[in-house]
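2 protein chains.
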Amino acid sequence: MNMKTAYVHGYLPREARRLYDQADTLAPLLHAGTAYPAGSWVLEVGCGVGAQTVYLARNSPRARIVAVDHSEESLAQARAYLREQEPDADVTWRTADLLHLPFKEAEFDHIFACFVLEHLWEPGKALATLRRLLRPGGTLTVIEGDHGSAVFHPDSPHAHEVIGHQVRLQAAAGGNALLGRELQPLLSGAGFGNVVIRPRTVYADRTRPALVDGFTRNTFIAMVEAVRDDALGIGLTTAADWDRGITDLRRAAEDDGTFHYTFFKAVAVNPMS
Amino acid sequence: MNMKTAYVHGYLPREARRLYDQADTLAPLLHAGTAYPAGSWVLEVGCGVGAQTVYLARNSPRARIVAVDHSEESLAQARAYLREQEPDADVTWRTADLLHLPFKEAEFDHIFACFVLEHLWEPGKALATLRRLLRPGGTLTVIEGDHGSAVFHPDSPHAHEVIGHQVRLQAAAGGNALLGRELQPLLSGAGFGNVVIRPRTVYADRTRPALVDGFTRNTFIAMVEAVRDDALGIGLTTAADWDRGITDLRRAAEDDGTFHYTFFKAVAVNPMS
Numbered sequence: 001m002n003m004k005t006a007y008v009h010g011y012l013p014r015e016a017r018r019l020y021d022q023a024d025t026l027a028p029l030l031h032a033g034t035a036y037p038a039g040s041w042v043l044e045v046g047c048g049v050g051a052q053t054v055y056l057a058r059n060s061p062r063a064r065i066v067a068v069d070h071s072e073e074s075l076a077q078a079r080a081y082l083r084e085q086e087p088d089a090d091v092t093w094r095t096a097d098l099l100h101l102p103f104k105e106a107e108f109d110h111i112f113a114c115f116v117l118e119h120l121w122e123p124g125k126a127l128a129t130l131r132r133l134l135r136p137g138g139t140l141t142v143i144e145g146d147h148g149s150a151v152f153h154p155d156s157p158h159a160h161e162v163i164g165h166q167v168r169l170q171a172a173a174g175g176n177a178l179l180g181r182e183l184q185p186l187l188s189g190a191g192f193g194n195v196v197i198r199p200r201t202v203y204a205d206r207t208r209p210a211l212v213d214g215f216t217r218n219t220f221i222a223m224v225e226a227v228r229d230d231a232l233g234i235g236l237t238t239a240a241d242w243d244r245g246i247t248d249l250r251r252a253a254e255d256d257g258t259f260h261y262t263f264f265k266a267v268a269v270n271p272m273s
Numbered sequence: 001m002n003m004k005t006a007y008v009h010g011y012l013p014r015e016a017r018r019l020y021d022q023a024d025t026l027a028p029l030l031h032a033g034t035a036y037p038a039g040s041w042v043l044e045v046g047c048g049v050g051a052q053t054v055y056l057a058r059n060s061p062r063a064r065i066v067a068v069d070h071s072e073e074s075l076a077q078a079r080a081y082l083r084e085q086e087p088d089a090d091v092t093w094r095t096a097d098l099l100h101l102p103f104k105e106a107e108f109d110h111i112f113a114c115f116v117l118e119h120l121w122e123p124g125k126a127l128a129t130l131r132r133l134l135r136p137g138g139t140l141t142v143i144e145g146d147h148g149s150a151v152f153h154p155d156s157p158h159a160h161e162v163i164g165h166q167v168r169l170q171a172a173a174g175g176n177a178l179l180g181r182e183l184q185p186l187l188s189g190a191g192f193g194n195v196v197i198r199p200r201t202v203y204a205d206r207t208r209p210a211l212v213d214g215f216t217r218n219t220f221i222a223m224v225e226a227v228r229d230d231a232l233g234i235g236l237t238t239a240a241d242w243d244r245g246i247t248d249l250r251r252a253a254e255d256d257g258t259f260h261y262t263f264f265k266a267v268a269v270n271p272m273s
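Top line first, the protein sequences correspond to chains A and Z.
Just so you know, we're using full-length UniProt numbering here: the first sequence kicks off at 1 and counts up by one.
Just so you know, we're using full-length UniProt numbering here: the second sequence kicks off at 1 and counts up by one.
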């Protein structure tokens with residue numbers, strides 16, 4: 001899931017806190033089923049401030065995790081967070097660009113990437129690169145959202161319009177906020193085998209107030225709201241139309257509102273040659 | 001899920017067969033968790049040709065089922081189907097209109113309604129009527145789709161346009177193809193308590209060929225295709241635009257395509273007074 005402002009400013013403690021809270025809200029859903037054996041080498045790409053790394057470490061306490069990000073500041077934050085949350089975790093931190101990773105072929109048993117491919121201009125190329133770092137038989141796990149899956153009540157074309165602006169801005173930045181639905185052909189096309197996609201959905205209504213707050217308000221709506229200045233700045237919309245859309249979207253978090261969103265989790269295997 | 005043609009012509013063996021096949025595809029998903037105790041009185045409203053009734057009977061073999069539909073022809077078909085599939089089932093068949101049901105207050109322990117509310121002009125009114133037929137503490141189970149939840153690859157505005165025509169036609173007929181997202185406020189508003197909504201999603205790609213055929217092609221796309229003549233007849237679209245949208249939608253069922261759809265299953269309780 002794109003959280004543009006948060007992503008860019010992940011090194012600010014306050015923004016990092018927001019990312020950690022969002023990860024805590026979604027972790028039971030997204031990390032279920034992901035646990036790596038003791039001693040296995042696991043590469044996490046695009047670890048950012050470590051919001052997912054902490055769950056990798058927690059669920060695979062004896063795996064050897066190598067976490068990579070292009071931002072030194074994010075990594076510093078991630079390191080501090082893991083020291084606080086999982087002091088015994090075996091994590092090595094590396095600064096590197098996703099397309100120029102400093103690793104040898106077949107160096108890893110498993111690779112994990114959450115909310116990373118959606119930011120890339122050529123996700124298929126990145127996947128092919130990652131596959132070469134996996135031993136034959138090793139697995140890749142990818143998690144992505146898809147903003148086209150957002151279903152909410154009350155429905156509103158104005159609310160869909162502001163979500164659409166977020167999608168357009170992410171596309172203009174070279175990313176894809178509708179990537180979840182494409183994981184199967186993307187991973188297959190990059191040479192992975194046994195590509196299995198499992199949708200993981202979040203549904204929030206008044207019976208689940210923690211999700212209404214943690215997901216509808218503080219994750220999804222907050223993420224859309226974060227691009228307001230960009231959307232107005234390039235003339236995608238007017239302040240009045242933007243505010244109308246956001247006001248409508250917020251109704252999904254009120255007492256009679258509902259919100260449903262789908263993440264797509266893919267697990268695939270680097271074939272034995 | 002609206003299957004307009006099939007619904008209207010449910011008494012034709014061939015159309016009925018299509019409905020049974022669709023129900024068989026979805027039953028593991030939709031009926032999971034629905035089983036009623038021995039001896040309990042269960043009302044199924046809008047049973048049609050018995051496509052869901054057979055699963056109610058199978059999963060609750062000792063419940064006493066009363067299945068109601070407004071169409072005598074559908075009921076004849078349903079009766080024949082149950083006799084063939086579940087000859088020992090305890091099912092009583094009744095012809096009646098949903099808003100004028102020939103039952104006493106608090107007569108039933110449980111009520112089940114699948115793909116029924118979406119056809120009603122005033123679903124809230126129908127729910128309030130149904131609630132009076134339940135004993136205090138009795139449960140209502142409702143299952144509805146939501147066409148706004150359809151996410152597919154390759155994405156296509158033309159394909160979304162034809163789905164939109166289906167939604168518009170259903171609305172023009174007094175129904176609502178986007179009802180799934182509204183179940184929480186609808187049931188709460190009708191006086192039910194403990195309203196719990198569970199999304200049940202279908203995801204089909206090349207690794208699940210039976211679902212690509214059974215759901216993407218023969219349920220969802222077939223349902224949209226069934227309204228072609230109506231859409232052209234009232235000038236919603238042109239033949240060329242329609243065919244372009246359907247052609248695009250069919251790509252979701254091809255080798256590199258994906259399709260994701262969400263049903264909403266609600267279980268609610270008639271409060272102890």
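Quick reminder that beta carbons are idealized off the backbone N, C-alpha and C, glycines included.
Please read these numbers as outputs of a predicted model, since none were measured by experiment.
When we look at the beta-carbon of residue i and count the other beta-carbons within 10 Å, is it buried (16 or more) or exposed?
{"i": "phenylalanine 215/Z", "result": "buried"}
{"i": "aspartate 248/A", "result": "buried"}
{"i": "residue 305/A", "result": "Nothing about residue 305/A can be read from this structure; chain A reaches only from 1 to 273."}
{"i": "tyrosine 7/Z", "result": "Note that tyrosine 7/Z scores a pLDDT of 42, beneath 50, so its modelled location is shaky and nothing firm can be said."}
{"i": "methionine 3/Z", "result": "With a pLDDT of only 43 at methionine 3/Z, under the threshold of 50, the placement of this residue in the model should not be trusted, and no figure is reported."}
{"i": "serine 273/Z", "result": "exposed"}
{"i": "arginine 17/Z", "result": "exposed"}
{"i": "glutamate 105/Z", "result": "exposed"}
{"i": "asparagine 270/Z", "result": "buried"}
{"i": "glycine 174/A", "result": "exposed"}
{"i": "alanine 204/Z", "result": "buried"}
{"i": "threonine 5/Z", "result": "Here threonine 5/Z scores only 37 on pLDDT, less than 50, and its place in the model is too uncertain to base an answer on."}
{"i": "threonine 242/Z", "result": "It is worth fixing the name first, because residue 242/Z is tryptophan in this sequence and not threonine. Buried, because 16 or more other Cβ atoms sit within 10 Å of the Cβ of tryptophan 242/Z."}
{"i": "proline 199/Z", "result": "buried"}
{"i": "glycine 193/Z", "result": "exposed"}
{"i": "leucine 99/A", "result": "exposed"}
{"i": "arginine 62/Z", "result": "exposed"}
{"i": "glycine 33/Z", "result": "exposed"}
{"i": "aspartate 24/A", "result": "exposed"}
{"i": "proline 209/A", "result": "exposed"}
Within a Cβ cutoff of 6 Å, which residues of the same chain sit near residue i, ignoring the five residues on either side of it in sequence?
{"i": "arginine 206/A", "result": "Asp255"}
{"i": "aspartate 213/A", "result": "none"}
{"i": "valine 202/A", "result": "Phe215, Tyr261"}
{"i": "alanine 76/A", "result": "none"}
{"i": "arginine 14/Z", "result": "none"}
{"i": "valine 68/Z", "result": "Val45, Arg94, Ala96"}
{"i": "tyrosine 20/Z", "result": "Ala51"}
{"i": "histidine 70/A", "result": "Asp97"}
To which residues of the same chain is residue i closer than 7 Å at the C-beta, ignoring the five residues directly before and after it?
{"i": "arginine 79/A", "result": "Trp93"}
{"i": "alanine 252/A", "result": "Phe152, His153, Thr216, Thr258, Phe259"}
{"i": "isoleucine 163/Z", "result": "His147, Ala150, Val224"}
{"i": "glutamate 86/Z", "result": "Val54, Ala57, Arg58"}
{"i": "alanine 126/A", "result": "Leu98, Leu99, Leu117, Leu120"}
By Cβ distance, which residues of its chain are closer than 8 Å to residue i, with the 5 residues on each side in sequence left out?
{"i": "alanine 113/A", "result": "Glu44, Val45, Gly46, Leu130, Leu140, Thr141, Val142, Ile143"}
{"i": "isoleucine 111/A", "result": "Val42, Leu43, Glu44, Val45, Leu130, Leu133, Leu134, Gly138, Thr139, Leu140, Thr141"}
{"i": "aspartate 88/A", "result": "Pro61"}
### Query
Between the stretch 144-155 of chain A and chain Z, which residues of the former have CB atoms less than 7 Å from a CB of the latter, in chain order?
Asp146, Gly148, Ser149, Val151, Phe152, His153, Asp155
### the stretch 159-170 of chain Z in contact with the stretch 223-236 of chain Z per 3-pair CB rule at 8 Å
yes
### Residues of the stretch 199-212 of chain A with Cβ closer than 8 Å to any Cβ of chain Z, in chain order
Pro199, Thr201, Tyr203, Asp205, Arg206, Thr207
### Query
Within the chosen definition, does the stretch 178-192 of chain Z reach the stretch 147-166 of chain A through at least 3 CB pairs nearer than 8 Å?
yes
### Message
I'd like the ranges of any alpha helix (DSSP H) spanning at least 4 consecutive residues and lying wholly in the stretch 180-268 of chain Z.
### Response
183-189, 222-225, 228-233, 239-250
### Query
For the stretch 162-191 of chain A, which residues have a CB atom closer than 7 Å to at least one CB atom of chain Z, in sequence order?
Leu178, Arg181, Glu182, Gln184, Pro185
### Task
Say whether the stretch 119-132 of chain A touches the stretch 24-41 of chain A, bearing in mind that this needs 3 or more beta-carbon pairs closer than 8 Å, one atom from each stretch.
no
### Any 3 or more C-beta pairs closer than 8 Å across the stretch 135-148 of chain Z and the stretch 260-273 of chain Z
yes
### Task
Any chance you could list the beta strand (DSSP E) runs of at least 3 consecutive residues sitting entirely within the stretch 7-80 of chain A, in chain order?
41-45, 64-69
### Query
How about the stretch 83-98 of chain A and the stretch 49-59 of chain A: do they share at least three Cβ pairs that are nearer than 8 Å?
yes
### Task
Scan the stretch 236-258 of chain A for residues whose Cβ lies nearer than 7 Å to a Cβ of chain Z and list them as they occur along the chain.
Asp256, Thr258
### Task
Please list the residues of the stretch 43-69 of chain Z that have a C-beta atom closer than 9 Å to any C-beta atom in chain A, keeping them in chain order.
none
### Task
Report the residue ranges of all alpha helix (DSSP H) runs contained in full by the stretch 76-137 of chain A; include only those spanning at least 4 residues, in chain order.
123-133
### Members of the stretch 259-272 of chain Z near chain A, C-beta cut-off 7 Å
His260, Thr262
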